[in-house]
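> Just dropping this structure here.
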Amino acid sequence: MTSIFPPAAAEIDALNEIAWASQFTDPARSHALAHRCAALARQAGYASGLPYALLNQAFYEIRFCPTKQSEAALRGAEAHFAALGDRRGILLVHSGRAGVLLKRNEFDAAEILLEQVMQAPEHERQPLDAYFALYRLGYVHFHRGHVQEGLRYYYKALALVQRERATALSCHALSDLGSAQMELANYQEARDLLEQAYEICQTMPICFAHLIAANLANVHLEMGNPTAALQLVENDFPLTDQFFQPGDRAFLLVVAAQTYASLGRWQEAEQLARQGLQRSRADNHLEITNQCLWMLGVIAHGIGQHAAAIDWLLEAEQGFGEIHNVFYVLHVYRALADAYADAGQFERAFHFLQLYQNRYEESLGASAKARFFTLQIQHELTQAEFERDHALQQKIQLETLNAELQRKMEEVEKLQAALRDQAVHDSLTGLYNRRFLAEQIGPILDHAQRGGYPVCVVLIDLDYFKRVNDTHGHGFGDQVLIELADLLRQQIRSSDLAVRYGGEEFCLLFPLASAADTRARTERLLELFHSCAIALCGKSMTGLTFSAGIAEFPLHGTTSDELLQNADAALYRAKNQGRNRVLLAG
Numbered sequence: 068m069t070s071i072f073p074p075a076a077a078e079i080d081a082l083n084e085i086a087w088a089s090q091f092t093d094p095a096r097s098h099a100l101a102h103r104c105a106a107l108a109r110q111a112g113y114a115s116g117l118p119y120a121l122l123n124q125a126f127y128e129i130r131f132c133p134t135k136q137s138e139a140a141l142r143g144a145e146a147h148f149a150a151l152g153d154r155r156g157i158l159l160v161h162s163g164r165a166g167v168l169l170k171r172n173e174f175d176a177a178e179i180l181l182e183q184v185m186q187a188p189e190h191e192r193q194p195l196d197a198y199f200a201l202y203r204l205g206y207v208h209f210h211r212g213h214v215q216e217g218l219r220y221y222y223k224a225l226a227l228v229q230r231e232r233a234t235a236l237s238c239h240a241l242s243d244l245g246s247a248q249m250e251l252a253n254y255q256e257a258r259d260l261l262e263q264a265y266e267i268c269q270t271m272p273i274c275f276a277h278l279i280a281a282n283l284a285n286v287h288l289e290m291g292n293p294t295a296a297l298q299l300v301e302n303d304f305p306l307t308d309q310f311f312q313p314g315d316r317a318f319l320l321v322v323a324a325q326t327y328a329s330l331g332r333w334q335e336a337e338q339l340a341r342q343g344l345q346r347s348r349a350d351n352h353l354e355i356t357n358q359c360l361w362m363l364g365v366i367a368h369g370i371g372q373h374a375a376a377i378d379w380l381l382e383a384e385q386g387f388g389e390i391h392n393v394f395y396v397l398h399v400y401r402a403l404a405d406a407y408a409d410a411g412q413f414e415r416a417f418h419f420l421q422l423y424q425n426r427y428e429e430s431l432g433a434s435a436k437a438r439f440f441t442l443q444i445q446h447e448l449t450q451a452e453f454e455r456d457h458a459l460q461q462k463i464q465l466e467t468l469n470a471e472l473q474r475k476m477e478e479v480e481k482l483q484a485a486l487r488d489q490a491v492h493d494s495l496t497g498l499y500n501r502r503f504l505a506e507q508i509g510p511i512l513d514h515a516q517r518g519g520y521p522v523c524v525v526l527i528d529l530d531y532f533k534r535v536n537d538t539h540g541h542g543f544g545d546q547v548l549i550e551l552a553d554l555l556r557q558q559i560r561s562s563d564l565a566v567r568y569g570g571e572e573f574c575l576l577f578p579l580a581s582a583a584d585t586r587a588r589t590e591r592l593l594e595l596f597h598s599c600a601i602a603l604c605g606k607s608m609t610g611l612t613f614s615a616g617i618a619e620f621p622l623h624g625t626t627s628d629e630l631l632q633n634a635d636a637a638l639y640r641a642k643n644q645g646r647n648r649v650l651l652a653g
C-alpha cells in the first residue's frame, strides 16, 4: 500500500505567497496555484493555509469571473479566518468584498469596508495589504468627483508599493494614476506615469499591459503625436483576449480607430470603430459605446458625410449621463459644432460651440486645480515620509529629504506662477488679455511721462469677421484670430505689447514710437496680413484685412482711457471710410 505523506505547511505557505505575488503578472498561474494550495491544505488538514488559498482564488475571480463566484470563495475564506482569529485575513477579505461591491457600483458600502481596513492597527496587516484598500478608495472618491481625495489615495498607494519595492503593484498603481490624470487632461503627468508603467511591462509580464499601452496611445493622441500612438497600436495591442475584462477589447479598438483617423486612414479607422461599437454593446459598456459613437462621427465628418456624422454624434450626446470623462464630452461638442458648420447649419453649430466653450472653461479650471492638488499631495506625502523616518534616518538622509521637500515646494511655486500666467493670457491666441493690458498700461505711461518719450496705442479690428464665421464656421474664424495673433507676435519688438482686446479686436502698445512710425509699422502689418493664406480642414482664404486707429501719448491723451477712446475713434473713422486702412487720432 502506497503511503501519501501530507505536504509540509511551509510548502503550502510558500505556494500561497507565490500565488498572491502573481496576481498581476500571471493570473492563470496564480489561480491554478490557489486551487492546488486549497487541495493540499484540505489534504493535510492545514487550517491556516486553506483560507489564504481561497482568498487567492477570490481575488482572481473578482477581476475575471462573475461576482457570485468570487463571493463564494470570500465567504469560505472569511469563515476560516474568523475561526482562526486571523485579523489580517479578515481585513484582506474586506478589501476583496469591496472590490465586488465596486463592480456593482455600490460605492458607499465599499467605502465602509475599505475604511475599516485603513483604520485597523498596523500590526494586524502586512505593509502591502493596505495597497488594495488605498487604490480602491481612490477609485471611489474619483468616481464621486472628489478629485483631490481620489488623487491623494492613488498617490498614497503608489508611494506604498514603491517604498516596498513591489514592482508589479507599482505598475498597477502607475497605470491607475496615469488613467486618472488623463481624465483630468493633465497629459504631461499622465504620459510620465504611463511611460513608467510601460517600461515595467518591458521587463516582466503584466496582465493589464494592453490597457497601459492603450492609455499611453490615448495620451499621445491628445498631445498631438499620432505617430507614437500608432507604434503602440501596431506593436503592443494583443491579438487575443486572455485576461481581458468587459470593455477592454472595445477600448483597444476605439483607441486604434482614433489613431488611424488622426493619420487620415479613414477606412481602417471606420472598420475598427464599428468593431469597437459592436463589442462594447455586447459587453454593455456604455462609456466605451459612446466613445465609439463619437469616433464614428469624427470619421464620417472626415470623409465629408456631414449628415451621418451629426447622427453618430447626437447618439453619443444622448449617452452623456453614462460618461464620467469630461473630455469625451468636449470632443463630442466640438465635433458637433464642426459638423453642423460644415453642413451649413450655423445656428446649431454655434449652439454646440457655446456648450463646448462653457465645458472647456470649466475643465481648464478643474485641470489646473488637479495639477495643483497633485503637487500638493506629493508634497504632503514627502512630508509624511520625512516625519515617519525622522527618528530612524541619519543626518545625510535627512538632508536628502529636505532637498526633496525644497524641490516639491519649487514645483508648487512654479505651478502657482503658471496659474497666474494663465490668468493674464488669452486661451485661444496665447496673447496677453485685456486684464493684463489694464494692469500694465498705467505703469507704462507713468514711465513714459518721467522719461519724456511717446507711447502709441493701436486698436485693430478685423474687417467683415462675422462674414468669415458665417461662411466658413467658427473653427475657421478661430484660425484667423490665431494667424493674426502669430503675425503680431512675430513682428513686434520685445519692448512692445500685443493684446487680444475683444472678440476680433487687438491692441498694440508701442513705447518709444511716434504716431507716424507706428502708422507705418501698422500698415506693414496690414500688408502682411492681407497676403496671409489662412487654411483649415480643407478650407482656405486670402485677402483678409483689418482697420486700425492710433493714438499717441501725450499728443492724443495723457491717461489710458483718453488714449483708448481716441484710438477707438480713429478706428471708427477707418471703418466708416471703407475699412482696410490705418488712421491717426485727431
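Counting in the numbering used here, the final residue of the sequence shown is number 653, and the numbers go up one at a time with none missing. Backbone N, C-alpha and C define an ideal beta-carbon position, used for all residues, glycine too.
#1: With DSSP collapsed to three states, give me the class of residue 604.
#2: State the DSSP-derived secondary structure class of residue 614, mapped to helix, strand or coil.
#3: Leaving out five residues on either side along the sequence, give the residues of the same chain with a beta carbon under 6 Å from the beta carbon of residue 649.
#4: Along the chain, where does the beta strand (DSSP E) that runs through residue 578 open and close?
#5: Quick check on residue 508: does DSSP put it in helix, strand or coil?
#6: If you run the structure through DSSP and keep just helix, strand and coil, what is residue 547?
#7: Can you tell me which of the three DSSP states residue 195 falls into?
#8: Report back the beta-carbon spacing between residue 427 and residue 380 to the nearest angstrom; my notes put them in contact at under 8 Å.
#9: Just list the alpha helix (DSSP H) runs in the segment 139-184, keeping only unbroken ones of 4 residues or longer that don't cross its boundaries, in chain order.
#10: What three-state label does DSSP hand residue 231 in the structure shown?
#11: For residue 203, which of 411, 225, 400, 551 has the nearest alpha-carbon?
#12: Residue 123: which of 553, 414, 212, 164 sits nearest, CA to CA?
#13: In three-state DSSP terms, what is residue 311?
#14: Can you give the beta carbon distance from residue 437 to residue 633, rounded, assuming they're within the 8 Å contact cut?
#15: Give the secondary structure of residue 127 by DSSP, where H, G and I count as helix, E and B as strand, and everything else as coil.
#16: What span of residues does the alpha helix (DSSP H) with residue 396 cover, start to end?
#17: Would you mind working out which of 393, 434, 435 sits nearest residue 422, comparing C-alpha positions?
#18: Kindly indicate the opening and closing residues of the alpha helix (DSSP H) around residue 567.
#19: Between which two residues does the beta strand (DSSP E) carrying residue 299 extend?
#20: For residue 622, which three-state DSSP category applies?
#21: Output yes or no for whether 9 Å exceeds the beta carbon distance between residue 196 and residue 162.
#22: Do you know how far the Cα of residue 434 is from the Cα of residue 260?
#23: Between the C-alpha atoms of residue 256 and residue 478, what's the straight-line distance to the nearest angstrom?
#24: Under 9 Å between the Cβ atoms of residue 620 and residue 524?
#25: Rank 597, 593, 120, 618 by C-alpha distance to the C-alpha of residue 577 and give the top, closest one.
#26: Have a look at the DSSP bridge pairing and note the partners of residue 528.
#27: Judging by CA-CA distance, which residue of 440, 596, 646, 508 is the nearest neighbour of residue 221?
#28: If you reduce the DSSP assignment to three classes, tell me which class residue 522 lands in.
In this structure, then:
#1: Locating residue 604 in the sequence shown gives position 537, where the first residue counts as 1. Residue 604: coil per DSSP, three-state reduction.
#2: As a working mapping, residue 614 is identified with position 547 in the sequence shown. The three-state reading of DSSP puts residue 614 in strand, counting E and B together.
#3: The count along the sequence shown starts at 1 and reaches residue 649 at position 582. Leaving aside the five residues that flank residue 649 on each side, the residues in its chain whose CB is nearer than 6 Å to its CB run, in chain order, 586, 589, 590, 615.
#4: Here residue 578 refers to the residue found at position 511 when the sequence shown is read from its first residue. Residue 578: member of the beta strand (DSSP E) spanning 572-578, first to last residue.
#5: The residue labelled residue 508 in the question sits at position 441 within the sequence shown. DSSP places residue 508 in helix when its eight states are reduced to three.
#6: Here residue 547 refers to the residue found at position 480 of the sequence shown. Note: residue 547 maps to helix in three-state DSSP.
#7: Against the sequence shown, residue 195 aligns to sequence position 128. Under the three-state reduction of DSSP output, residue 195 falls in the coil class, being neither helix nor strand.
#8: On the sequence shown, position 360 is the one that residue 427 refers to. On the sequence shown, position 313 is the one that residue 380 refers to. About 17 Å separates the two Cβ atoms, so there is no contact after all.
#9: Positions of the alpha helix (DSSP H) runs, each at least 4 residues long and wholly inside the segment 139-184, are given as 154-170 in order along the chain.
#10: Taking the first residue of the sequence shown as 1, we reach residue 231 at position 164. The answer is coil: DSSP assigns residue 231 none of H, G, I, E or B.
#11: Taking the first residue of the sequence shown as 1, we reach residue 203 at position 136. Of 411, 225, 400, 551, the residue nearest in Cα terms is 225.
#12: To locate residue 123, count along the sequence shown from 1; it is residue 56. Among 553, 414, 212, 164, the Cα nearest to that of residue 123 is on 164.
#13: Numbered from its first residue, the sequence shown carries residue 311 at position 244. Of the three classes helix, strand and coil, the one that applies to residue 311 here is coil, per DSSP.
#14: Sequence index remark: in the sequence shown, residue 437 carries index 370 (1-based). Sequence index remark: in the sequence shown, residue 633 carries index 566 (1-based). Your pair residue 437 and residue 633 does not check out as a contact, with CB atoms roughly 45 Å apart and the cut at 8 Å.
#15: Reading the sequence shown from its first residue, position 60 is the one you call residue 127. Helix, per DSSP.
#16: In the sequence shown, counting from the first residue as 1, residue 396 sits at position 329. Run containing residue 396: 393-409, per the alpha helix (DSSP H) assignment.
#17: For the purposes of this step, residue 422 is taken as the residue at position 355 of the sequence shown. It is 393.
#18: For the purposes of this step, residue 567 is taken as the residue at position 500 of the sequence shown. Per DSSP, residue 567 belongs to no alpha helix (DSSP H); it is in the beta strand (DSSP E), 564-567.
#19: The count along the sequence shown starts at 1 and reaches residue 299 at position 232. If you look at residue 299, you'll find it isn't in any beta strand (DSSP E); it sits in the alpha helix (DSSP H) that goes 293-303.
#20: Counting from one through the sequence shown, the residue named residue 622 turns up at place 555. Coil at residue 622, not helix or strand.
#21: What you label residue 196 is simply residue 129 of the sequence shown in a count that begins at 1. What you label residue 162 is simply residue 95 of the sequence shown in a count that begins at 1. Yes, they are a contact pair.
#22: In the sequence shown, counting from the first residue as 1, residue 260 sits at position 193. In the sequence shown, counting from the first residue as 1, residue 434 sits at position 367. Their Cα atoms are separated by approximately 17 Å.
#23: Translated into positions along the sequence shown, residue 256 becomes position 189. Translated into positions along the sequence shown, residue 478 becomes position 411. Taking the Cα positions, residue 256 is about 13 Å away from residue 478.
#24: Mapped onto the sequence shown, residue 620 falls at position 553. Mapped onto the sequence shown, residue 524 falls at position 457. Yes. Within cutoff.
#25: Along the sequence shown, read from residue 1 onward, the residue named residue 577 stands at position 510. For the residues 597, 593, 120, 618, the minimum Cα distance to residue 577 belongs to 618.
#26: Here residue 528 refers to the residue found at position 461 when the sequence shown is read from its first residue. BP columns for residue 528 point to 572, 614.
#27: What you label residue 221 is simply residue 154 of the sequence shown in a count that begins at 1. Of the candidates 440, 596, 646, 508, the one whose C-alpha sits nearest the C-alpha of residue 221 is 440.
#28: On the sequence shown, position 455 is the one that residue 522 refers to. The answer is strand: DSSP assigns residue 522 an E or B state.
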